[in-house]
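Enquirer:
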């Protein structure tokens, strides 16, 4: 999705005068460092990509970990930018350059936050006209946001979805490229949802988005917390910084919003420490405002008690019990007048997101595709599978680890998968720019020599899945973990078509059934 052009030609951005620009960035404006030249025209195009600057654009110079946007200011000015927004103090030479092209400079303390605020202003502050709910946490964001969207659509509320797998306006699908879009794409998308008549929008909020202030100017009516375990340490550096990034989302909620957190996760209370929002909890173990209990379950679904009301859901496992409890609690808070029977009936037909504990039954065997790509997610999905395996059956796990991501979790993933599987096959995930065999070797380092001898490795993911299917008996359950909904495998910058669900189904169909 092009983040700098209108998603629909009938949806036009605002024309922002200099006064409107300054009003949008007022919280971060450093007027003593401004430099005004030229006629200060109105702005109808904002970007942080110098390649997309056109005559009259406003260019925001974002400081980054790898590239500093300020180095592209001369290119932006040459391309016709009339405003530059940044955190820089202009030199006399730079002022002369601005004067030469009749461009003005607006100085701010946070270019990230200024970009988010300007994007919202350009697209008419759409979140003010929507009931926007953010979902954050390590695992369960996509499932929760997707189920909330499906639930509200089923209840008759046209809703928007912004997430990892896809974005939706009602039933219209818009492909997703990031968990949380960049500020300009996000503002456009929210405006399009508002214009389409959406009442509610359910949005995944990544730790990157919170840390980069992509969501700072949005008005949320609710914030939901799923859980927090190790992930993205390649970006955040430490668990403390990762937790702080998640917490930033709750810190920005207004007193009119609600914060709903997992009481069974020790970081749930951390999320609530400094929030001004109304505080609520949900859980399966601890005392909570919204309490659930798993009664029984199999591969077809789970019977739950939700605040002492029985409901059957077509979802499997304790982690899905947490997700559905969060969905139930959020719906109760957003729709307090809705009859419980109506809500429970709608919940009983809700399906989760694609590639999340997706059961594939083919050729007399059962396989499961799941997005689990962290140690904790692997633990949860394997602990869900184990009690459902027929007597005498095995759990066969196929998993890899992504390249150019947190290397520290690789040996831990192998450890946890080995401990909870009867047979482990380590393979490639998205190796990106790394050597896939080197990634597998780093995973193997988490196993003892004896465990390594029992573990199979295969760099070719397709072949690894086929091997698991050849070795499986009718009593066995195969887990293919790590990629879930993804329809590609990224190798050296190229995304090749690869869908775990297709590969698993094909392999189950084409491999002979092993005797028990």
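Numbering (the working numbering), first residue to last: 44 to 559.
Glycine included, each C-beta is placed from N, C-alpha and C at the ideal position.
For the alpha helix (DSSP H) that contains residue 239, what are its first and last residues?
Expert: Working through the chain shown from its first residue, we reach residue 239 at position 196. Note, residue 239: premise wrong, no alpha helix (DSSP H); not H, not E.
Enquirer: Rounded C-beta distance between residue 154 and residue 104? I'm assuming under 8 Å.
Expert: For the purposes of this step, residue 154 is taken as the residue at position 111 of the chain shown. For the purposes of this step, residue 104 is taken as the residue at position 61 of the chain shown. About 6 Å separates the two Cβ atoms, so the contact holds.
Enquirer: For the segment 397-409 against the segment 520-535, are there 3 or more C-beta pairs whose distance is under 8 Å?
Expert: yes
Enquirer: I'd like to confirm the pairing. Which residues does DSSP put opposite residue 106 in its beta bridges?
Expert: Counted from its first residue, the chain shown places residue 106 at position 63. Bridge partners of residue 106: 111.
Enquirer: For residue 469 and residue 205, what's the separation of their Cα atoms in angstroms?
Expert: For the purposes of this step, residue 469 is taken as residue 426 along the chain shown, with counting starting at 1. For the purposes of this step, residue 205 is taken as residue 162 along the chain shown, with counting starting at 1. Those two C-alpha atoms are separated by around 32 Å.
Enquirer: From 360, 373, 413, 345, pick the residue whose C-alpha is nearest to that of residue 392; which is it?
Expert: In the chain shown, residue 392 corresponds to position 349, counting from 1. Ranking 360, 373, 413, 345 by Cα distance to residue 392 puts 345 first.
Enquirer: Can the beta-carbon of residue 194 be found less than 9 Å from the beta-carbon of residue 210?
Expert: On the chain shown, residue 194 is found 151 positions in, with the first residue counted as 1. On the chain shown, residue 210 is found 167 positions in, with the first residue counted as 1. Against a cut-off of 9 Å, the Cβ pair of residue 210 and residue 194 comes out as no contact.
Enquirer: In terms of alpha-carbon separation, which member of 431, 287, 320 lies closest to residue 310?
Expert: The sequence position of residue 310 within the chain shown is 267, counting from 1. The candidate whose alpha carbon is nearest that of residue 310 is 287.
Enquirer: Exposed or buried, what is residue 305 when buried is set at 16 or more other beta-carbons lying within 10 Å of its beta-carbon?
Expert: Counting from one through the chain shown, the residue named residue 305 turns up at place 262. Classification of residue 305: buried, given that the 10 Å Cβ count is 16 or more.
Enquirer: Taking only three categories from DSSP, how would you classify residue 168?
Expert: Indexing the chain shown from 1 puts residue 168 at position 125. In this structure, residue 168 counts as coil in the three-state DSSP scheme.
Enquirer: Going by DSSP in three states, residue 325 sits in which element: helix, strand or coil?
Expert: As a position in the chain shown, residue 325 is number 282, starting the count at 1. Looking at residue 325 - three-state DSSP - the assignment turns out to be strand.
Enquirer: To which residues does DSSP link residue 209 through a beta bridge?
Expert: Here residue 209 refers to the residue found at position 166 when the chain shown is read from its first residue. Its beta-bridge partners are 218.
Enquirer: Less than 9 Å separating the beta-carbons of residue 458 and residue 489?
Expert: Residue 458 sits at position 415 when you count from the first residue of the chain shown. Residue 489 sits at position 446 when you count from the first residue of the chain shown. For residue 458 and residue 489, yes; Cβs fall inside 9 Å.
Enquirer: Would you mind working out which of 426, 264, 373 sits nearest residue 297, comparing C-alpha positions?
Expert: The sequence position of residue 297 within the chain shown is 254, counting from 1. Measuring from the Cα of residue 297, the nearest candidate turns out to be 264.
Enquirer: Give the DSSP bridge partners of residue 150, in chain order.
Expert: Your numbering for residue 150 matches position 107 in the chain shown. Answer is 129, bridged to residue 150.
Enquirer: Mind checking residue 481: buried by the 16 CB within 10 Å criterion, or exposed?
Expert: Residue 481 sits at position 438 when you count from the first residue of the chain shown. Result: exposed.
Enquirer: If residue 166 sits next to residue 84, beta carbons under 8 Å apart, how far is it from one beta carbon to the other, in whole angstroms?
Expert: Mapped onto the chain shown, residue 166 falls at position 123. Mapped onto the chain shown, residue 84 falls at position 41. About 19 Å separates the CB atoms of residue 166 and residue 84; that is not less than 8 Å, and the two are not in contact.
Enquirer: If you compare alpha carbons, which of 66, 330, 315, 385 is closest to residue 291?
Expert: Counting from one through the chain shown, the residue named residue 291 turns up at place 248. Here the closest residue by C-alpha is 315.
Enquirer: Tell me, please, whether the segment 464-478 touches the segment 542-558 by the rule of three or more beta-carbon pairs shorter than 8 Å.
Expert: no
Enquirer: For residue 183, count neighbouring C-beta atoms within 10 Å of its own C-beta (all shown protein chains included) and say buried if the count is 16 or more, exposed if not.
Expert: To locate residue 183, count along the chain shown from 1; it is residue 140. Buried, by the Cβ-count rule.
Enquirer: Answer yes if the segment 429-437 comes into contact with the segment 448-458, meaning at least three C-beta pairs across the two stretches below 8 Å, and no otherwise.
Expert: no
Enquirer: Just the C-alpha distance for residue 545 and residue 338, rounded to the nearest angstrom, thanks.
Expert: By one-based count along the chain shown, residue 545 stands at place 502. By one-based count along the chain shown, residue 338 stands at place 295. Using only the alpha carbons, I get a separation of about 33 Å.
Enquirer: Quick one: what does DSSP say residue 193 is sitting in, helix, strand or coil?
Expert: In the chain shown, residue 193 corresponds to position 150, counting from 1. In the structure shown, residue 193 sits in a helix (DSSP, three-state: H, G or I).
Enquirer: Taking only three categories from DSSP, how would you classify residue 202?
Expert: Against the chain shown, residue 202 aligns to sequence position 159. Here residue 202 sits in strand by DSSP.
Enquirer: To the nearest angstrom, how far is it from the Cα of residue 523 to the Cα of residue 180?
Expert: Mapped onto the chain shown, residue 523 falls at position 480. Mapped onto the chain shown, residue 180 falls at position 137. So the alpha carbons of these two residues sit roughly 23 Å apart.
Enquirer: Would you mind sorting residue 448 into buried or exposed? The rule is 16 or more other CB atoms within 10 Å of its CB.
Expert: Counting from 1 along the chain shown, the entry for residue 448 is found at position 405. Here residue 448 is buried: its Cβ has 16 or more other Cβ atoms, across all protein chains shown, within 10 Å.
Enquirer: Only counting the same chain, and skipping five residues up and downstream in sequence, which positions put a Cβ closer than 7 Å to that of residue 473?
Expert: Indexing the chain shown from 1 puts residue 473 at position 430. Closer than 7 Å at Cβ, skipping near neighbours: 445, 446, 532, 533.
Enquirer: Roughly how many angstroms separate the alpha carbons of residue 250 and residue 234, rounded to a whole number?
Expert: On the chain shown, residue 250 is found 207 positions in, with the first residue counted as 1. On the chain shown, residue 234 is found 191 positions in, with the first residue counted as 1. When rounded, the distance between both Cα atoms is 23 Å.
Enquirer: Any idea if residue 4 is buried or exposed, counting beta-carbon neighbours within 10 angstroms, 16 or more meaning buried?
Expert: There is simply no residue 4 to check, as the chain begins at 44 and stops at 559 in what is shown.
Enquirer: Contact defined as beta carbons within less than 8 Å: I believe residue 325 pairs with residue 272. What is the distance between those atoms, to the nearest angstrom?
Expert: Here residue 325 is taken as the residue at index 282 of the chain shown, counted from 1. Here residue 272 is taken as the residue at index 229 of the chain shown, counted from 1. At roughly 18 Å, the Cβ-Cβ gap does not stay under 8 Å, so residue 325 and residue 272 are not in contact.
Enquirer: Counting only the same chain and skipping the five closest in sequence on each side, list residues whose C-beta sits under 8 Å from that of residue 54.
Expert: Position 11 of the chain shown, counted from the first residue, corresponds to residue 54. If we look at residue 54 and ignore the five residues flanking it on each side, its Cβ neighbours are 231, 234, 235, 238.
Enquirer: Using beta-carbon positions only, say whether residue 560 and residue 341 come within less than 9 Å of one another.
Expert: Given that the chain is displayed from residue 44 to residue 559, the structure contains no residue 560 and the question cannot be resolved.
Enquirer: Give the range of the alpha helix (DSSP H) segment to which residue 424 is assigned.
Expert: Here residue 424 refers to the residue found at position 381 when the chain shown is read from its first residue. Run containing residue 424: 418-428, per the alpha helix (DSSP H) assignment.
Enquirer: Which runs of the beta strand (DSSP E) at least 3 residues long sit entirely within the segment 351-422? Give them in chain order.
Expert: 352-356, 401-405, 408-413
Enquirer: Using 10 angstroms around the beta-carbon of residue 129, count the other beta-carbons present and answer buried if the total reaches 16, otherwise exposed.
Expert: Against the chain shown, residue 129 aligns to sequence position 86. Counting of Cβ neighbours within 10 angstroms places residue 129 among the buried residues, the total reaching 16 or more.
Enquirer: Out of 258, 202, 197, point me to the one whose CA is closest to residue 224's CA.
Expert: Your numbering for residue 224 matches position 181 in the chain shown. Closest by alpha carbon: 258.
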